[in-house]
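Working notes, beginning with the structure itself.
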Amino acid sequence: MTTSRLNDDCILYILKFLQNDRSTLFKCLMANRFWSKITIPLLYANPFERLKDDKKHLIIKTFLSCLNEDETSYLLKLNDDYKIPNLNDLIISDVRPIFEYPKFIKQLLTSEIQSAIGQWTNKYIEKKSILIYDLLQSLTQVCYHMFLRQGVHLNHLEIYPSIFKSELFDHLIIQNLFTLSTLTLSTCDDDTSEFKRGNISDFLTVIAKNCKSINQLNLKQPKVYNSIELSTIIKRQKELKEFIFTHSENLFKNIFSSLEFQKHSLVTLKFRYVNFHEFILQSMINLYNLKSLEINSCHGMTLELCKIFHLASFKLKELIILGNNWETSITITIIKYLGITLQQLRIIKITLELMEIISQYCLNLVTLYISLEYNINPSIFPYFKNLKIKNLNIMPQYISSEDGELKTLDLDKLATNFSKDVIKVSLFSCQFMKKEILSSFLNNCPNHIITLNLRKKLDTEYLEIILNYIKKKNNNLKFLGFFGLDKILSNEELEMINQIKEKGIKLVEFNEIL
Numbered sequence: 299m300t301t302s303r304l305n306d307d308c309i310l311y312i313l314k315f316l317q318n319d320r321s322t323l324f325k326c327l328m329a330n331r332f333w334s335k336i337t338i339p340l341l342y343a344n345p346f347e348r349l350k351d352d353k354k355h356l357i358i359k360t361f362l363s364c365l366n367e368d369e370t371s372y373l374l375k376l377n378d379d380y381k382i383p384n385l386n387d388l389i390i391s392d393v394r395p396i397f398e399y400p401k402f403i404k405q406l407l408t409s410e411i412q413s414a415i416g417q418w419t420n421k422y423i424e425k426k427s428i429l430i431y432d433l434l435q436s437l438t439q440v441c442y443h444m445f446l447r448q449g450v451h452l453n454h455l456e457i458y459p460s461i462f463k464s465e466l467f468d469h470l471i472i473q474n475l476f477t478l479s480t481l482t483l484s485t486c487d488d489d490t491s492e493f494k495r496g497n498i499s500d501f502l503t504v505i506a507k508n509c510k511s512i513n514q515l516n517l518k519q520p521k522v523y524n525s526i527e528l529s530t531i532i533k534r535q536k537e538l539k540e541f542i543f544t545h546s547e548n549l550f551k552n553i554f555s556s557l558e559f560q561k562h563s564l565v566t567l568k569f570r571y572v573n574f575h576e577f578i579l580q581s582m583i584n585l586y587n588l589k590s591l592e593i594n595s596c597h598g599m600t601l602e603l604c605k606i607f608h609l610a611s612f613k614l615k616e617l618i619i620l621g622n623n624w625e626t627s628i629t630i631t632i633i634k635y636l637g638i639t640l641q642q643l644r645i646i647k648i649t650l651e652l653m654e655i656i657s658q659y660c661l662n663l664v665t666l667y668i669s670l671e672y673n674i675n676p677s678i679f680p681y682f683k684n685l686k687i688k689n690l691n692i693m694p695q696y697i698s699s700e701d702g703e704l705k706t707l708d709l710d711k712l713a714t715n716f717s718k719d720v721i722k723v724s725l726f727s728c729q730f731m732k733k734e735i736l737s738s739f740l741n742n743c744p745n746h747i748i749t750l751n752l753r754k755k756l757d758t759e760y761l762e763i764i765l766n767y768i769k770k771k772n773n774n775l776k777f778l779g780f781f782g783l784d785k786i787l788s789n790e791e792l793e794m795i796n797q798i799k800e801k802g803i804k805l806v807e808f809n810e811i812l
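As numbered in the numbering used here, the sequence shown has no gaps in its residue numbers, which increase by one up to the final residue, 812.
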């Protein structure tokens, strides 16, 4: 009896299912030409992601073979100054690539590219060369030029101004860039040369003209970017859903006023290291579709400015307030104005006053992220009984004792005050937690917890504690989260895990069930 041959659509579906399993996809390359043609676009959609350090030089070697004549000549000319031995031989290749690999790229992150180039220079360039850093920057510029020139499928792009220093850059290479959905513009240097500013301006002009489907815009320290061009990009988007603004010495009023053009679509707003002014808050209150607001490590907020939130047209579902340089009374006031519709709240330095306000105003809360300090007021704990939250994420804070040992609060005091509604508990920073504290915490947890999530790598001590908890206390547990489940397990660990699975409990990666 002959086996029916899978049709092409089935093979395509199977290979797409494996797109995050790079090692298996590489094996599929060798099956036949059809499989190879399907697999290559999957492998090179995000070629730098989850790439092991000892493999990164290979991907750069492949991409260097894809340089065009101008890009190759540019590097060779630079090496007339660098005078790095063997660099010319590494750049010039007689072997042409089978595929045009750069055209399949969908995501470009500068940090990932530079990491791969760094591994390539470590592998092939003499360490004593004093021009290694300059070479790394030049290679990054050339690679970006190649990726932008061929990357007709790019949808996630991160840009640093340093790539515009190159005389190689020509804005005409990005005329075919229409598919961007995520754009990050970052600043990492203070070079404000007229030449570089001209290249940046040309780049932003093309983006504003061609890219109308950006749904996430991330501006990190955008001091070298022209605010008029940035505001034009914002205004021209069909549906900008997320806007992230990180630290700037400039006020950029026109950028924030341009958010008015996206009030129908903007769902997420994130401020990081921002000095708040009235015009920023005034630009927010008309964003009637806003659901998520993050205020992280900011300053400049006052009680008077907080009153503007009273006029907000939006109904938040998620609020994140972390590490801001202001009094607790300001955070309390923000929660008063925005808390009634909240389903998720993330906050650090929890105080008695904050818990009172959360209990009073956040009646629809489902998920609470909190940081608990070692010397927390114990009067806080009873408030947890009145919260109808289902998911509680806890970040215990640690202090060093006189003998250098890390200590944290007794979490059992919190566990005894869990309401009957809590069904999922996540513990961060478990790698520093003594096993006695975890054991005491679980012994005081109610037996209706369905999901227990621990940010710690598997080990026998923790597995033993959890097994005892399951056997003696909780028959309702369905999901157990750990960090780094891909580790090689010992026989003892495997035996304990099998015992846990026999109880009908599924092991999952920590981040997958947050």
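Even glycine gets a Cβ: it sits at the ideal position worked out from N, Cα and C. Here the structure is a predicted model, which is why all the values come from computation and not from measurement.
Am I right that residue i and residue j are in contact with their C-beta atoms under 8 Å? What's the rounded C-beta distance?
i	j	result
Leu663	Gln641	6 Å
Leu362	Ser391	7 Å
Leu567	Leu588	6 Å
Leu564	Leu585	5 Å
Arg570	Ser595	6 Å
So for residue i, helix, strand or coil by DSSP?
i	result
Phe346	coil
Met582	helix
Val393	coil
Lys521	coil
His355	helix
Met731	coil
Ser724	strand
Ile457	strand
Phe569	strand
Met693	strand
Ile645	strand
Leu406	strand
Gln560	helix
His575	coil
His597	strand
Pro744	coil
Lys605	helix
Lys421	helix
Gln412	helix
Met299	For Met299, the predicted model reports a pLDDT of 44, less than 50, meaning its position is unreliable and no value from the coordinates is stated.
Pro339	helix
Leu452	coil
Start and end of the alpha helix (DSSP H) containing residue i?
i	result
Thr631	Thr626 to Leu636
Phe324	Arg320 to Cys326
Leu761	Thr758 to Lys770
Ile590	Looking at the sequence provided, one finds Ser at residue 590 rather than Ile. Here Ser590 belongs to no alpha helix (DSSP H); instead the beta strand (DSSP E) covers Ser590 to Asn594.
Val440	Ile430 to Gln448
Leu709	Segment: none, Leu709 is in no alpha helix (DSSP H) and carries neither H nor E.
Ile512	Looking at the DSSP string, Ile512 is not in any alpha helix (DSSP H), and its letter there is neither H nor E.
Cys308	Asp306 to Phe315
Pro680	Looking at the DSSP string, Pro680 is not in any alpha helix (DSSP H), and its letter there is neither H nor E.
Glu537	Note, Glu537: premise wrong, no alpha helix (DSSP H); not H, not E.
Leu652	Leu650 to Tyr659
Which first and last residues belong to the beta strand (DSSP E) in which residue i is found?
i	result
Gly779	Phe777 to Phe780
Tyr667	Thr665 to Leu670
Ser484	Thr480 to Ser484
Thr544	Glu540 to Thr544
Gln473	Counting along the chain, Gln473 falls outside any beta strand (DSSP E), and DSSP gives it neither H nor E.
Ile619	Glu616 to Leu620
Glu465	Here Glu465 belongs to no beta strand (DSSP E), and DSSP marks it neither H nor E.
Thr749	Thr749 to Leu752
Lys804	Lys804 to Glu807
Classify residue i as buried or exposed, calling it buried when 16 or more other Cβ atoms lie within 10 Å of its own Cβ.
i	result
Glu576	exposed
Val723	buried
Met299	Any answer about Met299 is weak, because its pLDDT of 44 lies below 50 and its placement is not dependable; what the coordinates show is given next. Exposed, because fewer than 16 other Cβ atoms sit within 10 Å of the Cβ of Met299.
Glu537	exposed
Lys799	exposed
Gln560	buried
Met444	buried
Val393	exposed
Ile764	buried
Ile382	buried
Cys308	exposed
Arg753	buried
Leu736	buried
Next on the checklist: Closer than 8 Å is the cut-off here; do at least three beta carbon pairs connect the stretch 471-481 with the stretch 495-515?
Outcome noted: yes
Checklist entry - Any chance the stretch 369-388 sits against the stretch 439-448, with 3 or more Cβ pairs inside 8 Å? => result yes
Item to check | the stretch 382-391 contacting the stretch 447-467, beta-carbon criterion three pairs below 8 Å | outcome: no
Item to check | Stretch-stretch touch, CB-based, cutoff 8 Å, three pairs: the stretch 322-341 with the stretch 301-314 | outcome: yes
Checklist entry - Quick check: the stretch 633-653 against the stretch 609-621, are there 3 or more CB pairs under 8 Å? => result yes
Checklist entry - Touch check for the stretch 454-471 and the stretch 416-426: three-plus C-beta pairs under 8 Å? => result no
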